[in-house]
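Chains X and G, in that order, are what the protein sequence lines are. Under my numbering, the letters of the first sequence match residues 63 to 211, in that order. Under my numbering, the letters of the second sequence match residues 18 to 135, in that order. See structure below.
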Amino acid sequence: MHPFDIKTVVFAKHAQHVVLIHFPIALFIIGVLFDFLAQWKTQRLLAAAAYYNLLVAAIATIPVVLTGILAWQWELEGQKLKGILLMHLVMGCVSSVLIWVVWLIHRRTRRKQEEVLPGYRLPIEAVAVVIVTLTGHLGGFLSGVNGPG
Amino acid sequence: MRRSVSIAGLAAALVLGTLGFGTGQKSYVASAQEKTSTMEVKIDNFSFGPVELTVPVGTTVTWTNRDDIPHTVVSTDKVFKSKVLDTDEKFSYTFSKAGTYPYFCSIHPKMTGKVIVQ
Numbered sequence: 063m064h065p066f067d068i069k070t071v072v073f074a075k076h077a078q079h080v081v082l083i084h085f086p087i088a089l090f091i092i093g094v095l096f097d098f099l100a101q102w103k104t105q106r107l108l109a110a111a112a113y114y115n116l117l118v119a120a121i122a123t124i125p126v127v128l129t130g131i132l133a134w135q136w137e138l139e140g141q142k143l144k145g146i147l148l149m150h151l152v153m154g155c156v157s158s159v160l161i162w163v164v165w166l167i168h169r170r171t172r173r174k175q176e177e178v179l180p181g182y183r184l185p186i187e188a189v190a191v192v193i194v195t196l197t198g199h200l201g202g203f204l205s206g207v208n209g210p211g
Numbered sequence: 018m019r020r021s022v023s024i025a026g027l028a029a030a031l032v033l034g035t036l037g038f039g040t041g042q043k044s045y046v047a048s049a050q051e052k053t054s055t056m057e058v059k060i061d062n063f064s065f066g067p068v069e070l071t072v073p074v075g076t077t078v079t080w081t082n083r084d085d086i087p088h089t090v091v092s093t094d095k096v097f098k099s100k101v102l103d104t105d106e107k108f109s110y111t112f113s114k115a116g117t118y119p120y121f122c123s124i125h126p127k128m129t130g131k132v133i134v135q
């Protein structure tokens with residue numbers, strides 16, 4: 063199939079989840095990195111870059127969660143999950159919620175026009191990065207990146 | 018002279034044995050003695066082994082997941098479909114009609130195999 067052929071997109075099934083997942087992971091990790099740098103260097107520009115990266119990361123979780131759940135319902139007919147698949151599902155949902163929580167903390171500060179972001183966001187962001195990384199690792203393990211071909 | 022002949026014979030046997038072993042991994046034809054018995058397909062390292070299995074009508078094929086990753090066994094023509102198989106879990110299906118049954122893993126669609134029922 064040609065990569066720009068509409069059939070490739072339609073018939074890719076859960077492969078869409080595997081492709082889309084890279085967007086929130088990359089945007090969130092870079093967003094957190096910018097936020098830590100903004101805190102350290104006290105630069106508004108870095109804080110703004112962090113905010114917009116976190117915003118797009120949060121939006122990108124929506125199609126990712128949807129395609130993941132659809133893959134479970136269509137490919138596995140919604141059967142009761144266990145083991146790595148269950149861990150991946152639970153950690154994926156927790157990751158998405160944490161990404162939204164982090165963005166909402168930033169959003170709240172902006173709406174209130176407060177100068178300083180709350181300090182408690184930093185440990186939340188650090189924990190979120192760890193959980194996102196672990197979820198991605200499990201997903202990579204499941205998708206067979208270590209397998210032949 | 019006799020010694021060199023026996024070494025050559027041993028080498029030939031080794032080469033033939035290795036070749037036979039190698040081809041046996043890709044496809045397998047059940048012998049007459051194995052008729053109506055259970056044949057096994059091993060799932061390991063993201064592949065089905067043997068990839069192609071030829072069996073007589075009435076044979077029960079059992080897939081065993083020897084991989085660390087969950088897999089499924091799904092017939093392309095929707096003839097059979099397993100649940101998610103974790104490590105060491107099995108799925109069996111008895112082939113009562115002759116034909117070719119291609120199948121794949123729905124979690125890893127690149128993993129494919131085929132059962133030929135004669």
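C-beta atoms are modelled at their ideal positions from N, C-alpha and C, and glycine is treated no differently.
Check, Outcome
"Straight-line CA distance for G:I86 to X:L82?", "22 Å"
"With a threshold of 7 Å between beta-carbons, can X:Q78 be considered close to chain G, or not?", "no"
"Looking at G:D61: is its Cβ nearer than 7 Å to the Cβ of G:D84?", "yes"
"Using the Cα positions of X:E139 and G:D94, report the straight-line distance between them to the nearest angstrom.", "16 Å"
"Apart from the five residues on each side of it in sequence, which residues of its chain come closer than 7 Å, Cβ to Cβ, to G:G116?", "V134"
"For X:V194, count neighbouring Cβ atoms within 10 angstroms of its own Cβ and tell me buried if that reaches 16, exposed if not.", "buried"
"Where does G:M56 sit, in a helix, a strand or coil, going by DSSP?", "strand"
"With 7 Å as the limit, tell me which residues of the segment 195-206 of chain X have their beta carbon closer than that to any beta carbon of chain G; keep them in chain order.", "F203, L204, G206"
"Just the Cα atoms here: how many angstroms apart are G:E57 and X:T123?", "41 Å"
"Name the chain G residues that come within less than 7 Å of X:L147, Cβ to Cβ?", "P87, V101"
"Based on the DSSP secondary-structure assignment, which residues constitute the bridge partners of G:Y118?", "G:V132"
"Who does G:W80 pair with in a DSSP beta bridge?", "G:V58, G:F108"
"Determine the contact status of G:K107 and G:T81, defining contact as a CB-CB distance below 7 Å.", "yes"
"Which residue from X:D97, X:C155, X:Y114 puts its Cα closest to that of X:L184?", "X:D97"
"So which residues on chain G does X:E176 lean against when the C-beta distance must stay under 8 Å?", "Under the 8 Å cutoff, chain G gives no residues; its nearest Cβ is about 46 Å from X:E176."
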